[in-house]
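These notes concern the structure reproduced below.
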């Protein structure tokens, strides 16, 4: 009996841990594809899980911080979802690539169409291209609002406080990495230059080898010509000697 009670108690405890863990980690979040460097551009996924077992998510809205406005936010098409980009006028214009930007994207909203939805036990990713990321921030807090088909609205807008427990509905946070020397792929450009230099070096080596090969061939041809001349000279001398010997022998025979 004691063993049965222990087994039942352990099973309940384990189930509780699993359920609580699933709830704790089933939050709307934002994850970069690769790296989100300060001052650069990045592609991110807004990951939206369904936390309800009796309703489906039919609308998702993400809001971008006004203190670090983004001049460019482009959603990638997601089948079954209509994306709407909302822009607002900036109090302070931005300078981007030599151009003055007077408005920035403040919100992107995805609405399910044609029966699309995020059902119970499912999640959906909504890709976004962001830029230019701020250089004076370590992260971007991107607040989200999730709407279910039973009209329930969950606001993921609570910012985490240092040293405090995680809030019930934390806002998604995009962590920014250290800035790169070239915000538009300086590493790739450097690699290209290195490859180009290596190509030039390879061509130079090939040219040097080719010239060396021609020199060796010419030298070999010259040596061969000298050898042939020597052989012919020796043969000529032998033929001459034989001719003289034959003439003397013939003269003796006539005298006899």
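Residue numbers (this note's numbering): 1 to 256.
C-beta atoms are modelled at their ideal positions from N, C-alpha and C, and glycine is treated no differently.
Because the structure is a prediction, the values reported are computed rather than measured.
message: Check this for me: beta carbons of residue 142 and residue 174, under 8 Å apart or not?
response: With contacts defined as CB atoms closer than 8 Å, residue 142 and residue 174 qualify as a contacting pair.
message: For residue 116 and residue 150, I'd like the C-alpha separation in whole angstroms.
response: Roughly 15 Å between the two C-alpha positions.
- request: Starting from residue 180, follow its DSSP beta bridges and name the residues at the other end.
  value: Partner(s): none; residue 180 has no beta bridge.
query: Rounded to a whole number of angstroms, what is the C-alpha to C-alpha distance between residue 77 and residue 126?
result: Between the alpha carbons of residue 77 and residue 126 lies a gap of roughly 8 Å.
query: Helix, strand or coil: which one does DSSP assign to residue 148?
result: Per DSSP, reduced to three states, the secondary structure at residue 148 is strand.
message: Please identify the residue among 163, 177, 92 whose C-alpha is closest to the C-alpha of residue 138.
response: Taking each of 163, 177, 92 in turn and checking the Cα distance to residue 138, the smallest one comes out for 177.
- prompt: For the 8 Å Cβ check, are there 3 or more pairs between the stretch 92 to 109 and the stretch 59 to 73?
  reply: Flag = yes, the stretch 92 to 109 and the stretch 59 to 73 touch.
field: For residue 123, the residue or residues it bridges with in DSSP
entry: Note: residue 123 sits in a beta bridge opposite 49.
task: Taking the CB atoms as reference points, tell me whether residue 62 and residue 46 lie closer together than 8 Å.
output: Result yes, Cβ atoms of residue 62 and residue 46 sit closer than 8 Å.
message: Using a 10 Å radius around the Cβ and a threshold of 16 neighbouring Cβ atoms, would you call residue 50 buried or exposed?
response: Per the 10 Å Cβ criterion, buried.
Spatial distance of residue 258 from residue 80 (CA atoms): As shown, the chain starts at 1 and ends at 256. That puts residue 258 outside it, with no answer to give.
- request: Specify the secondary structure class of residue 101 as computed by DSSP and reduced to three states.
  value: Here residue 101 sits in strand by DSSP.
task: Could you give the DSSP three-state label for residue 175: helix, strand or coil?
output: Under the three-state reduction of DSSP, residue 175 is assigned to strand.
message: With a threshold of 8 Å on Cβ separation, who are the neighbours of residue 34 within its own chain once the five nearest residues in sequence on each side are excluded?
response: Cβ neighbours of residue 34 beyond the five flanking positions: 42, 43.
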